[in-house]
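Student: From first to last, the protein sequence lines stand for chains A and B. Note that numbering that gives the first Met the number 0 gives residue 302 to position 303 of the first sequence, counting from 1, and the numbers run on in steps of one. Note that numbering that gives the first Met the number 0 gives residue 301 to position 302 of the second sequence, counting from 1, and the numbers run on in steps of one. Backbone N, C-alpha and C fix where the C-beta goes; we use that ideal spot for every residue, glycine too. The structure displayed is predicted, hence computed values, not measured ones. Sharing a structure below in structure tokens format, with a few things to ask.
Protein chains: 2
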Amino acid sequence: MQKKRILLGHGSGGKLSHDLIDGLFARYFDNDLLRQQSDSAVFKLGAENVAFTTDSFVVDPLFFPGGNIGKLAVAGTVNDLAVSGAIPKYLSAGFIIEEGFPLDDLEQIVKTMAEEAANAGVLIVTGDTKVVDKGKCDKLFINTSGVGELTSDRLAIGSGNKIEVGDKLIINGGIGEHGMAIMSARNDLKISTSVQSDCACLNGLISDVFSVSTSIKFMRDATRGGLGTIVSELVKNKDFGIQVDEEKLVQDEGVRGMCELLGFDPLYVANEGKVLMVVGGHDAQKVLEKMQKHPLGKKAAIIGEITQTNPGMAWLKTVIGGKRIIEMLSGQQLPRIC
Amino acid sequence: MQKKRILLGHGSGGKLSHDLIDGLFARYFDNDLLRQQSDSAVFKLGAENVAFTTDSFVVDPLFFPGGNIGKLAVAGTVNDLAVSGAIPKYLSAGFIIEEGFPLDDLEQIVKTMAEEAANAGVLIVTGDTKVVDKGKCDKLFINTSGVGELTSDRLAIGSGNKIEVGDKLIINGGIGEHGMAIMSARNDLKISTSVQSDCACLNGLISDVFSVSTSIKFMRDATRGGLGTIVSELVKNKDFGIQVDEEKLVQDEGVRGMCELLGFDPLYVANEGKVLMVVGGHDAQKVLEKMQKHPLGKKAAIIGEITQTNPGMAWLKTVIGGKRIIEMLSGQQLPRIC
């Protein structure tokens with residue numbers, strides 16, 4: 000019998016990733032906190048509610064329009080904390096570097112990390128460096144882990160348990176920008192020059208929104224697997240459905256063009272500066288307006304709602320009036336985008 | 000002019016590692032917590048003292064006598080927390096996996112991590128998986144980060160600021176076992192069959208010692224760079240010296256043989272289950288006896304002391320009565336041992 004092996008799709012954030020997590024990691028590491036499978040684990044230390052998260056970054060290439068692996072590594076972990084409702088505070092940084100990697104490039108990446116951390120108001124407080132022989136890793140991988148503080152009113156944000164029929168889905172701008180920026184950097188396509196990664200720390204925008212609304216029911220950053228993966232995860236085994244209105248989805252012209260040309264479905268293309276919020280219907284307009292005042296939310300839009308119909312299903316109401324089920328991504332659409 | 004590039008020595012834990020940390024990471028990420036350069040960053044969240052640390056593991060081979068990369072990844076981070084005086088509580092686990100890696104091997108490693116975490120009383124609560132194309136990493140890298148709790152009486156343990164002349168150096172057993180176990184696994188040397196890695200979680204042993212003594216002044220686990228690197232770091236810019244008594248250093252026969260044969264200095268060979276403690280002179284015997292009662296401290300020994308003479312220097316009193324300065328490791332003795 001042939002040995003079962005790891006496929007690229009196991010790192011896609013889609014169905015194979017879930018199979019690996021459920022079948023292996025969750026099975027052996029089993030505990031209540033891990034079982035939440037949210038962006039951050041949330042636990043008590045003494046009287047404090049603490050959020051804790053980790054992410055490894057293997058993006059290829061290291062430098063891309065709109066950022067580099069360092070910016071991604073800080074923003075990714077800051078965002079995982081922020082969408083769990085926490086105030087991000089402290090980060091770690093672990094570097095795995097290929098022998099022969101240019102020190103100038105490393106310096107530029109470290110400088111970007113420092114700037115991004117300062118902008119987000121977090122401190123990088125502990126680190127680790129490993130060097131492997133030439134050919135044993137691809138230039139540079141970075142792990143960032145992060146710790147944040149939660150107030151008790153935000154405890155259930157990550158779980159989605161507060162979601163109710165009639166809640167609205169709001170996203171802070173266009174989809175697919177990060178994935179297509181990586182694609183353009185990788186292939187040097189001429190059409191792609193205008194597309195920039197949306198990579199950014201969202202804790203400021205999220206904090207603004209909390210200042211005007213007490214009915215934020217759920218947040219998640221739409222990274223690997225894109226918006227499509229979040230909504231399909233969110234309805235799994237739930238007694239509500241999700242309708243996403245295609246007409247309301249913002250798409251940069253360059254992203255749209257690249258997706259059409261290359262055959263990508265933008266719903267599944269990665270973002271690195273987009274948060275999907277589920278907000279009580281009565282507060283949706285207020286949240287939208289607050290978001291639109293933030294530099295990272297100018298193109299924010301209400302893109303859909305929580306429905307009583309079709310429980311356990313997410314579907315796209317297409318521009319031409321049809322309906323398409325949004326399934327979990329199977330296989331790997333675009334490897335190493337983060 | 001030729002570009003400056005990363006060398007294997009930058010990951011050795013010795014002089015080049017320090018140069019990279021001081022000249023790059025500490026310079027850009029600069030903050031009070033990072034400046035402590037201890038095994039864990041220690042900060043307050045609300046009223047709680049929290050320790051936070053990270054480590055990436057790139058050991059080659061993945062399986063070795065006495066353990067595997069998973070055991071190492073859990074023990075390494077548990078120990079970094081424990082030597083800072085913290086009670087290790089929660090770990091993250093980030094996997095970077097090469098496409099094609101056998102699922103059976105991954106399962107064995109994950110199983111070991113779960114067992115080791117259970118033994119140490121910590122929970123793995125959050126994780127991340129990335130898969131890179133075949134040839135873009137060497138089988139499997141694991142990052143673990145960890146969070147622990149500190150009582151206020153243990154706050155200054157990591158800094159070494161409490162150390163005084165007359166304090167004793169105690170280690171919980173023989174040196175060089177992990178490094179030589181890796182070496183034997185790598186080269187399939189026949190002489191090496193008896194050498195096992197000492198890889199183990201030390202939080203239980205450390206907790207035992209704290210139960211009998213209030214004069215533990217400093218602890219560090221002697222990993223990359225070995226015992227020699229710790230003592231040479233510890234005296235840097237200090238007004239005391241350190242004498243290590245070669246006669247008191249325990250060495251497994253197999254380790255001694257391999258070091259002689261292969262030309263390694265055991266002082267700089269990695270351990271993964273050894274903690275060096277600096278303990279007030281009056282408590283040293285009590286601490287030693289307590290350690291010796293623990294399964295991981297049977298061969299514990301008082302191996303040296305803090306001296307008024309030769310401030311800023313660490314030296315080895317050799318078996319034949321000579322003196323040798325213990326300098327920081329320059330270059331790379333043995334890559335990818337952790």
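1) Over what stretch of residues does the alpha helix (DSSP H) that includes A:L233 continue unbroken?
2) Quick check: the segment 113-125 of chain A against the segment 114-131 of chain B, are there 3 or more CB pairs under 8 Å?
3) So, with DSSP's three-state summary, where would you put B:S55?
4) Taking the CB atoms as reference points, tell me whether B:N202 and B:A81 lie closer together than 8 Å.
5) Could you tell me whether the Cβ atoms of A:N67 and A:I108 are closer together than 8 Å?
6) Does the beta-carbon distance from A:V277 to A:D152 come in below 8 Å?
7) Along the chain, which unbroken stretches of the alpha helix (DSSP H) at least 4 residues long are found entirely within the segment 238-311 of chain A?
8) Taking just the CA atoms, how far does B:K88 sit from B:A117?
9) Please report how far the alpha carbon of A:L315 lies from the alpha carbon of A:N309, in whole angstroms.
10) Can you name the residues of chain A whose CB is closer than 9 Å to the CB of B:A46?
11) For A:V208, tell me which candidate among A:G262, A:D282, A:V164 and A:A221 has the shortest Cα-Cα distance.
12) Name the chain B residues that come within less than 7 Å of A:S16, Cβ to Cβ?
13) For the beta strand (DSSP E) that contains B:V194, what are its first and last residues?
14) By the DSSP assignment, the alpha helix (DSSP H) with A:D103 in it spans what residues?
15) Taking all protein chains shown into account, do 16 or more other C-beta atoms lie within 10 angstroms of the C-beta of B:D103, making it buried, or fewer, making it exposed?
16) So which of A:G65, A:K289, A:T143 and A:I156 has the shortest CA-CA distance to A:D54?
17) Look up B:D29 in the DSSP assignment and say whether it is helix, strand or coil.
18) Given this structure, state the Cα-to-Cα distance separating A:E288 from A:I205, to the nearest angstrom.
19) Give the C-beta separation of B:I174 and B:V268 to the nearest angstrom, bearing in mind that I take them to be a contact with Cβ-Cβ under 8 Å.
20) If you reduce the DSSP assignment to three classes, tell me which class B:S144 lands in.
21) Provide the residue span of the beta strand (DSSP E) that contains B:I123, from first to last.
22) Enumerate, from N- to C-terminal direction, the unbroken beta strand (DSSP E) stretches of 3 or more residues contained entirely within the segment 135-184 of chain A.
23) Could you work out which residue in B:V286, B:M312, B:F42 and B:D59 is closest to B:D137 when comparing CA atoms only?
24) May I ask you to report which of helix, strand or coil DSSP gives B:S91?
25) Just the C-alpha distance for A:T306 and A:P334, rounded to the nearest angstrom, thanks.
26) On the criterion of 16 or more Cβ atoms from any shown chain inside 10 Å, does A:T317 qualify as buried, or is it exposed?
27) On the DSSP letters alone, give me the boundaries of the beta strand (DSSP E) that B:F42 sits inside.
28) When the Cα atoms are used, what is the spatial distance from A:L32 to A:A40?
29) Going along the segment 78-107 of chain B in order, which residues come within less than 8 Å of chain A, judged by CB to CB distance?
30) Does the CB of A:A40 have a neighbour CB from chain B at under 8 Å?
31) Drop a sphere of 10 angstroms on the beta-carbon of B:S183, count the other beta-carbons inside from all chains shown, and report buried for 16 or more, exposed for fewer.
32) Give me the residue from B:S83, B:E106 and B:R223 with the minimum Cα distance to B:M179.
33) Counting only beta-carbon separations shorter than 8 Å, does A:C200 have a partner in chain B?
34) Spatial neighbours of B:L248 within its chain, please: C-beta separation below 7 Å, excluding the five flanking residues on both sides.
35) Using a C-beta to C-beta distance shorter than 8 Å, which residues of chain A count as neighbours of B:S212?
36) Which chain B residues sit within Cβ distance under 8 Å of A:K110?
Tutor: From the atom records:
1) Looking at the DSSP string, the run of the alpha helix (DSSP H) that includes A:L233 is G225 to V234.
2) no
3) strand
4) yes
5) Yes, the Cβ-Cβ distance between A:N67 and A:I108 is below 8 Å.
6) no
7) 252-261 and 283-292
8) 11 Å
9) Straight-line spacing of the CA atoms in A:L315 and A:N309 works out to 12 Å.
10) Residues of chain A passing the Cβ test: G45, A46 and E47.
11) A:D282
12) Neighbours of A:S16 on chain B, chain order: T128.
13) Careful: B:V194 lies outside any beta strand (DSSP E) and carries neither H nor E.
14) L102 to A119
15) exposed
16) A:T143
17) In the three-state DSSP reduction, B:D29 falls in the coil class, being neither helix nor strand.
18) 13 Å
19) 7 Å
20) strand
21) L122 to V131
22) 139-149 and 167-170
23) B:D59
24) strand
25) For A:T306 and A:P334, the distance between alpha carbons rounds to 33 Å.
26) exposed
27) Its beta strand (DSSP E) spans residues A40 to L44.
28) 6 Å
29) For the segment 78-107 of chain B, the residues whose beta carbon sits under 8 Å from a beta carbon of chain A are, in order, K88, Y89, S91, A92, G93, F94, I95, I96, E97, E98, G99, F100, P101, L102, D103, L105 and E106.
30) yes
31) buried
32) B:R223
33) It does not; no Cβ of chain B falls within 8 Å.
34) Excluding residues within five positions, the ones whose Cβ falls inside 7 Å are I174 and I302.
35) Those within 8 Å of B:S212 in chain A number zero; the least Cβ separation is about 25 Å.
36) Y27
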